[in-house]
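Order-wise, the sequence lines are chains A and B.
Numbering-wise (my numbering), the first sequence opens with residue 12 and increments by one.
Numbering-wise (my numbering), the second sequence opens with residue 3 and increments by one.
I have placed the structure first, in the form of structure tokens, so that the comments after it can refer back to it.
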Amino acid sequence: MPRCLTVALSVLALSTAGKPLAAQVRFNRDVRPILSDRCFACHGPDAKNKNIPLRLDSFDAATAVLGGGRRAIAPGDPVASQLIARVVSPVKGLRMPPAASGPPLTPAEVETLRQWVEQGAQWEKHWAYLPPERPARPQSPWPLRERNAIDAFVFTRLEKAGLSPSPEASRERLLRRLSLDLTGLPPTPAELDAFLAGSGEDAYTRAVDRMLDSPAHAEVLTARWLDAARYADTNGYQTDGERSMWRWRDWVIGAFQRNMPFDEFTIEQLAGDQLPHPTPSQRIATGFQRNHRGNGEGGIVPEEYLAEYAADRVETMATVWLGSTIGCARCHDHKYDPFTQKEFYQLFSYFSNIPERGRYFKFGNTPPLMPAPTPGDEAKLAAVDSKLEAAEREWARLQPSASGVLPPAWTTTRDRLLHATPRESFDGTRFLDAGSEPPLLGYFDRFTITARFTAEAPDGPLITRAKLEQEPTGWGVVLHKGKLRVYFSSRWLDDALHVETAAPVSLHQPHHVAVSYDASRVAAGILIYIDGEQVPVKILVDELNQEFRAKEPIRIGGGGGPGDPSREFFKGAIGEASLHGRVLDSAEIAWLASPGRSAVSLDAAAPELRRAFSHLFDLRQERARLIRGFPTVMVMEDNPVPPRAHVLLRGAYDKPGDEVTPALPASLDTGPAATRLALARWMVSRQNPLTARVIVNRYWQMIFGTGLVKTVEDLGSQGEWPSHPELLDWLAVEFMDSGWNVRQLLKTIVTSATYRQSSRATPELIKRDPENRLLARGPRGRLSAETVRDQALAIAGLLDRRVGGPSVKPYQPEGLWKELSGMEYDQDHGSSLYRRSLYTYWRRTAPPPSMMNFDASGREVCLVRASRTNTPLQALNLMNDVQFLEAGRFLAQRMMREGGTETAARLRYGFRLATARFPNEKELGILMGALAHHRDRYASDAGAAAKLLAQGEAARDASLPVADHAAYMAVASMILNLDEVVTKE
Amino acid sequence: MDPIRSHLHLTSRRQFFSRTGMALGSAALASLLAEDSGAPVPHFPPKVKRVIFLFMSGGPSQIETFDYKPKLEELRTAELPASIRMGQRLTGMTAAQSSFPLAPSVFPFAQRGQCGMWVSDLLPHTARIADRICVIKSMHTEQINHDPAVTFFQTGHQIAGRPSIGSWLAYGLGSENKDLPAFIVLISQGSASSGDQPLADRLWGSGFLPTRYQGVKFRAAADPVLYLSNPEGLSAAGRRRFLDDLAQLNEQHYEDFGDPEISTRVAQYEMAYRMQTSVPELTDLSGESEATLALYGPNVRKPGSFAANCLLARRMAERGVRFIQLFHRGWDQHVNLPANHPRQCHDVDQPGAALVADLAARGLLDDTLVVWGGEFGRTAYCQGKLTATDYGRDHHPRCFSVWLAGGGIRPGLTHGETDDFSYNITANPVDVHDLHATILHLLGLDHTRLTFKFQGRHFRLTDVSGRVVRDVLS
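Here's what the structure looks like:
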């Protein structure tokens, strides 16, 4: 809790000083937190909007002479300062802050303010908005213990507090700590042995380099980045349909694996699409900004959600890179930090310029999106392309000069789902039922509808497959007021595509019509051809959001639609109605429409010609299918013409205020930045005082459990004063100077003596610094949700180390999705059960419970602060979740097969697999006793043993005696439940 | 948390741990079960100790339940007047309708009880407790679609990320029972549910509060709480031995490493073990009398039904669970309302009324608050085709009805008025934040002072608004 920490730190500050605060009051450290938290809400940057004359967020304003000659602050004169008088006023109506705004200031806070005023009320710009400068390396009292500059800063602070560093951790524990931090996995026995056999500094550095270079390291960094990016496999609202962003996730893994400089990493994710000639990879990177939730609920007002998405992008960017709560300025000027509401919408306008829909598709990716083939996909495509090239050559060689007409003649009879119907006349009183045999086509299908017709009246259905209603579900091609109208409808008014020809179709004359749909789910994916020519259309409704199939027969000359389906039928003649299970191209449609085609004999062509074309055609189809099967990813794009952006009054989407254009906040800005790309470049420029600090602070949190600024999401006025301000700045400058080298930053941190200290704590130290903010000992803390599970799988030897690919669905208790939404969780089997947890399918409205029990982020919004709780649900999870029971079973199996023949040796082996150390005598005694107990029990109850061993789907080694295996499993499961095992220490 | 209260928390928790001979870890504060069985520290004397929230997910129609509108009978099929709609937004589902014909309720209403409250024939059992409940006819919300509206109702904000109301209470008041969670969630499927309008874990999530405050879902499955049961083949005795050995090893390690987090973990394993007993005891209805079971109706014997969940709610109330959240799905009748609303009402009517009566009979109603309602109401005009017997209704955020019963509530009161169309509120509007403020008030909490600092801001359940509805208080 922030409050507890504040108390703890000020206790430390007071006790270390050993004297009153005098001579030491610093505005940014001591005074700003009080003014910001207790006064700025009314007397801060937003005061002008509340018509409050007094502002306390600048020296000039706070010392100005107000009514009656009074001043809030008279520098050097606390007695004449109204601020001091008012915070201690015994009169309830006069005392500040007012009772409604919280309790009075504490005596210590008052004293701080008083001394500060007495000392001249010196003002400083908020520390985080000043560019970091490399501080001099201080002289610490333990120079021999120092391994790098980090230690100089930390030790100097320790000395001030009257503390001293702890000795280095044991080598086993150190390697385990390092391995869990850098790879999220425990060291293997072989890695341990090699490390213990190696000597000194060199062995440690080699281990660090080996780990930093591993894919497992890239995966660990990615897991944390996914929290920041609110990455998930579903859309997050209501039905919470699936989306596919894993190609972006794999882009992140690849970037970390290559140690992409963090400035490039930033620019590509914020504006990769705006780079000159962007590569596919640079475009995929922008998926970061499409990871927010997308609402596909019927009936929403799209504009409301367009505003929501753009705001989410701004708020996420602000948290992730700027450590700023600028999102607070969405409804009003920021109450604590120097950001106006207008500035929020200037940032907003960078992110609202995207051709997207407010109403996302319920299922699947919503444009803008791009195909994102994997390397495997690309290889398959290359193979087809080379075959295709040969087939094209062969066809060119064989093709007779005048036979352009032949291929459509052949291909249009292929993939036909409804064969051309005979010509029928309709008098407006009947229709033809063409049966229900053809497969139902819908949302995700590509198809073409064709027919010939002569209309005698301007209204009437031509061909439909829809409910017999006026506003049906289904699809139809109908004449309506003389125009040809096409509908694909799930719900007529607001969940449908409605398109009609721009011009009427003439009556009493024969026509050919073709309508193709490319499964894009947008109106632009429907093409209408009249007499073989594509015609201009008018889009009436472009809001298709879910499946439109209707289990109805195909009707010719009748069916649901704008008219009354019980009375209004077609008048005229319809023939050759057919349905093709693919999108016919314009040449094929022209052929179908051509009047003389029935005279062409299909069999007249030479067989070799037909074979060659058939081969070519198949390959073209295969290529198209392959490309359609590529995974896609949602990305950023610009509108051809940027839409106008406005301040939204009180944040309401339907209350536009002044128009705004892209620009940086004045308090951070050093120049214009008209595009997202310019914003991205500024983000990682030296002009930006925040990004480097924010990023090093978060990596510090990843390693030490708490940031140097604990409020990693807020380095603004309301954020915490850093525990080691100079160290933070030193790291930030070092990071930038290194070319934003993340790997080097982490190496500096983990090779420091500070990191390598033992995490043992004396009661005195616990009392003195319970959260270990001063770092008189090494980091100790529970593992992240992912690491708790991954480690168990690794210890058990079950972990599948494949990197990347679609998300997987491991074990989860039955019925969790169903009770919330009616959807089934289709659990995977085999090796997919044992992938690393960052690949676990993330359904936002029902996230994996074993992740949530261990404080994972729910991935609905950006989250960067690490949280670690200690609850009974975690105990139940580790004891009874099949994933962990099965891991226990396999750890038992490893003990029995790899641990030797002696009981003690096996137990020692298993304990070491889990903790990286051998048990001491007492511990071994407990393990031996436990095994004996369970062995006795299972020896006399083979049924129970068999039941216990039935946990999980992986087959056990049947040669192991059942009772023995069950007894070892009980002990192994207990080992996996040890505090030491779920803790890095 | 204010410093005084956090000090009290610390003190009482310390006492607990000193009783059990354990040191205190910083995450000892982090237990799910509020082990400080000492008195919670509300801002002022509370009227009630716990809340049972019967949430009707999907949006029940006020027009068929509590908001009697005889005028609609006369205006059947007439267009909704523009003077009533006043250009207010509709959902995209009906905004493009060419006509908005008014549809009266096909179900008759009558005045009930001494108080003369109007209740429709769809809720005969609720009608019988009219003198015990207070109906607010003038509820309104800002949200017009399910996901944001339910999220708004449960967290005070339409966008994900805020703590749910139960989490706020678990954080603010803790639990009265150290063997059960402070905040429990129960879900039932409506008879008219078509699988639409899903729920989401966020509705009982802890948002930016520590995850220990999130609601724990009790399920009608073999494991009422996830991972509660020992695996087959491991007996209770085996588990006890397992825990004893585990505790010994952890204590050994504590002696070596000195991190109080270790002893906290030992304590959490013991609590987990106690839950393995306390939860099955709680969910075992075999000790309930036939008379009690009959009170809740025949569905009470169906695990996972709303009736069974109501009975469980009473058992949880008896055991001091702070916030008991029921969700009943299936109320979203855009079409076929006359066929489906009776089924939904039948699901909830008898059990809900039985819960109130049962609590009263056991003397628990005096310090329990029961709340019944959904995320919004439904339109007076018909969605789709209006026939003599059939119609549907779209979402209507501008007025809807909820009822309250229990300690501190004025029974028999009907609060607020709507116009003849049940479209706009004409007197005493109550918004969602007001209802939240009132619930907190009854629990002895000032909604402006129950705050948590996150991202530099002191957040509260009621955001920047909320007003206690004093008129409904006794």
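Glycine included, each C-beta is placed from N, C-alpha and C at the ideal position.
- Query: Roughly how many whole angstroms lie between the Cα atoms of E76 (chain B) and I131 (chain B)?
  - Reply: 30 Å
- Excluding five sequence neighbours on each side, which residues of the same chain lie with their C-beta closer than 8 Å to the C-beta of R156 (chain A)? D162, F166, P176 and A764
- Message: Starting from D975 (chain A), trace the alpha helix (DSSP H) in both directions and tell me its first and last residue.
- Response: V973 to L987
- Taking the CB atoms as reference points, tell me whether V137 (chain B) and T416 (chain B) lie closer together than 7 Å. yes
- So what's F2 (chain B) in DSSP terms, helix, strand or just coil? With chain B covering only 3 through 476, there is no way to say anything about residue 2 (chain B).
- Query: When the cut-off is 7 Å and only beta carbons count, does L32 (chain A) lie next to chain B?
  - Reply: In this predicted model, L32 (chain A) has a pLDDT of only 47, less than 50, meaning its place in the structure is not dependable; the value taken from the coordinates is given anyway. By this cut-off, L32 (chain A) is not an interface position.
- What residue does the beta strand (DSSP E) around M381 (chain A) start on, and which one ends it? L380 to P382
- Would you identify the three-state DSSP class for R276 (chain B), choosing helix, strand or coil? helix
- Query: Rounded to whole angstroms, how far is the Cβ of I537 (chain A) from the Cβ of L495 (chain A), which I believe are closer than 8 Å?
  - Reply: Rounded, the Cβ-Cβ distance is 12 Å, inconsistent with contact.
- Task: Report the three-state DSSP secondary structure of K139 (chain B) (helix, strand or coil).
- Result: strand
- Message: By the 9 Å beta-carbon criterion, what residues does the region 945 to 972 of chain A contribute toward chain C?
- Response: You won't find chain C in this structure, because its protein chains are A and B.
- Item | Minimum Cβ-Cβ distance from L339 (chain B) to chain A less than 7 Å | no
- Find the nearest neighbour of L328 (chain B) within the set B:Q335, B:V470, B:M318 and B:E234, judged by alpha-carbon distance. B:M318
- For L443 (chain A), the residue or residues it bridges with in DSSP: A:I567
- Item | Partner residues on chain A for I264 (chain B), Cβ-Cβ distance less than 7 Å | D990
- Considering G487 (chain A), what are the terminal residues of the beta strand (DSSP E) in which it resides? G485 to H491
- Is any beta-carbon of chain B found at less than 7 Å from that of V395 (chain A)? no
- Message: At the level of alpha carbons, what is the spacing between G921 (chain A) and P930 (chain A)?
- Response: 10 Å
- Item | C-alpha distance - N302 (chain A) paired with L463 (chain B), whole-angstrom precision | 27 Å
- Message: At 4 residues or longer, what runs of the alpha helix (DSSP H) sit wholly inside the region 217 to 304 of chain B?
- Response: 238 to 259, 262 to 285 and 292 to 298
- Message: Output needed for A950 (chain A): all residues of its chain with C-beta closer than 6 Å, excluding positions within five of it in sequence on either side, in chain order.
- Response: A974
- Message: For chain A, check one thing: does any of its Cβ atoms lie closer than 7 Å to the Cβ of T79 (chain B)?
- Response: no
- Message: Give me the subset of the region 417 to 450 of chain B whose CB atoms are less than 8 Å from a CB atom of chain A, sorted by chain position.
- Response: T450
- Message: Determine whether the beta carbon atoms of G192 (chain B) and Q335 (chain B) lie at a separation below 7 Å.
- Response: no
- With burial defined as no fewer than 16 other Cβ atoms inside 10 Å of the residue's Cβ, what is the status of P118 (chain A): buried or exposed? exposed
- Message: For D837 (chain A) and K373 (chain A), what's the separation of their Cα atoms in angstroms?
- Response: 19 Å
- Query: At a CB-CB cut-off below 9 Å, which residues of chain A make contact with D247 (chain B)?
  - Reply: I937, L938, G940, A941, H944, V982 and M985
- Message: Under 7 Å, Cβ to Cβ, is there at least one residue of chain A near F259 (chain B)?
- Response: yes
- Message: So, for V50 (chain B): in the same chain, excluding its five sequence neighbours on each side, which residues have a beta-carbon less than 7 Å away from its beta-carbon?
- Response: D369, T370, L371, G408, G409, G410, L444 and L445
- Task: Select from A:F628, A:V516 and A:V671 the residue whose C-alpha is nearest the C-alpha of T424 (chain A).
- Result: A:F628
- Task: Please report how far the alpha carbon of D801 (chain A) lies from the alpha carbon of A420 (chain A), in whole angstroms.
- Result: 58 Å
- Status (buried if at least 16 other CB within 10 Å, exposed otherwise) for N246 (chain A): buried
- Ordered along the chain, which non-local residues of its own chain (more than five positions away) have a Cβ less than 8 Å from that of A224 (chain B)? S231
- Message: Quick check for students: name the residue ranges of the alpha helix (DSSP H) that lie wholly in the region 64 to 122 of chain B, counting only runs of 4 or more.
- Response: 72 to 76 and 84 to 87
- Message: Please give the ranges of any beta strand (DSSP E) in the region 357 to 402 of chain B, keeping only runs that are unbroken, at least 3 residues long and fully inside the region.
- Response: 370 to 376
- P201 (chain B) at chain A interface by Cβ criterion, 7 Å: The sequence as given places Leu at residue 201 (chain B); Pro does not occur at that position. So, interface residue.
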